[in-house]
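Heads up: the structure comes next, in structure tokens.
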């Protein structure tokens, strides 16, 4: 298989605190990789560094995305190249309509990739198909981004945004946190529908709630800023039975 993302000897810090301490990880095209580990091990830091969060400083190592140096790209360049981060705590954007927000984001990506902008009629058709598939109502589409939504609804909208932008690499940062069964199914459905040979997923989680609906191709365990073990999906069961003390 062809590697979509290659992380080599990655070190990163916030302020003076080193969090990632020589992390190595490869995710192939079409692969779903679950990243599991205890609180504070660096899982969310990893997602932030890949997406280009300015609060984190990379001090050593490299990240290659489709063979290109991801660390030399700005956050918007990374997004236009196909990197998508679904937030653990999606922010609210008062006064910014969801449909207009998505149309602007989609056309920005199309422009960056040399494509013509999508017109209003084509966009509405495109959006309605995906909204129907994920149970997003017309009423939700008319509201400002995440304003007045429950935690579960915000996570569903993150999945919807992912389906709209069709990224090549999707990072789900603890999206199963606080979700009920119905919301988990919708998020799982969104991932399952989008799985294809060119698209990869990195699912960051503490436990197996979401992984009951999305079977990963491999599971990597993080401890203290590094990957300590990688195996198949059977590793999820080992974690649930024995916790992280054995790693």
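Numbering (our numbering), first residue to last: 15 to 261. Glycine residues also receive a C-beta, built at the ideal position from the N, C-alpha and C atoms. Quick caveat: nothing in here was measured; it's all calculated off a predicted structure.
Cutoff 7 angstroms; reference residue i; Cβ partners in own chain excluding five residues on either side
i: residue 197; result: 166, 169, 170
i: residue 131; result: 121, 124, 125
i: residue 39; result: 21, 234, 241
i: residue 228; result: 46, 202, 205, 206, 217
i: residue 174; result: 144, 145, 148, 150
i: residue 83; result: 76
i: residue 96; result: 181, 182, 183
Assigned exposure category for residue i - 16 Cβ within 10 Å defines buried
i: residue 211; result: exposed
i: residue 114; result: exposed
i: residue 23; result: exposed
i: residue 204; result: buried
i: residue 219; result: buried
i: residue 253; result: buried
i: residue 245; result: exposed
i: residue 190; result: buried
i: residue 230; result: buried
i: residue 257; result: exposed
i: residue 250; result: buried
i: residue 142; result: exposed
i: residue 136; result: exposed
i: residue 134; result: exposed
i: residue 162; result: exposed
Proximity below 8 angstroms, CB of residue i to CB of residue j
i: residue 217; j: residue 63; result: no
i: residue 102; j: residue 223; result: no
i: residue 75; j: residue 239; result: no
i: residue 104; j: residue 180; result: no
i: residue 65; j: residue 89; result: yes
i: residue 200; j: residue 116; result: no
i: residue 81; j: residue 236; result: no
i: residue 178; j: residue 98; result: no
i: residue 119; j: residue 70; result: no
i: residue 53; j: residue 94; result: no
i: residue 261; j: residue 243; result: yes
Own chain, CB closer than 6 angstroms to residue i, minus 5 neighbours either side, in chain order
i: residue 29; result: none
i: residue 60; result: none
i: residue 78; result: 20
i: residue 160; result: 104, 106, 168
i: residue 208; result: none
i: residue 140; result: none
Contact set for residue i: own chain, Cβ-Cβ below 8 angstroms, skip 5 residues either direction
i: residue 214; result: 18, 19, 41, 42, 43, 44, 45, 46, 47, 182, 183, 184
i: residue 158; result: 106, 107, 108, 109, 110, 111, 112
For residue i: DSSP bridge partner residues
i: residue 74; result: 25
i: residue 261; result: Its beta-bridge partners do not exist; DSSP assigns none.
i: residue 82; result: 79
i: residue 237; result: 240
i: residue 256; result: Answer by DSSP bridge pairing: none, since residue 256 is not bridged.
i: residue 305; result: The chain is shown only over 15 to 261; residue 305 falls outside these bounds and no answer can be derived.
i: residue 213; result: 210
Residue i: CB within 7 angstroms of a non-hydrogen atom of the ligand GDP
i: residue 63; result: What this structure holds is no ligand at all, so the ligand GDP is not there to describe.
(request) Enumerate, from N- to C-terminal direction, the unbroken beta strand (DSSP E) stretches of 3 or more residues contained entirely within the region 95–165. (result) 97–100, 107–111
(request) Write down every uninterrupted run of the alpha helix (DSSP H) in the region 31–72 whose length is 4 residues or greater and which is fully enclosed by it, in chain order. (result) 57–65
(request) Please list the segments of the alpha helix (DSSP H) lying wholly inside the region 172–210, counting only runs of 4 or more residues, in order along the chain. (result) 195–208
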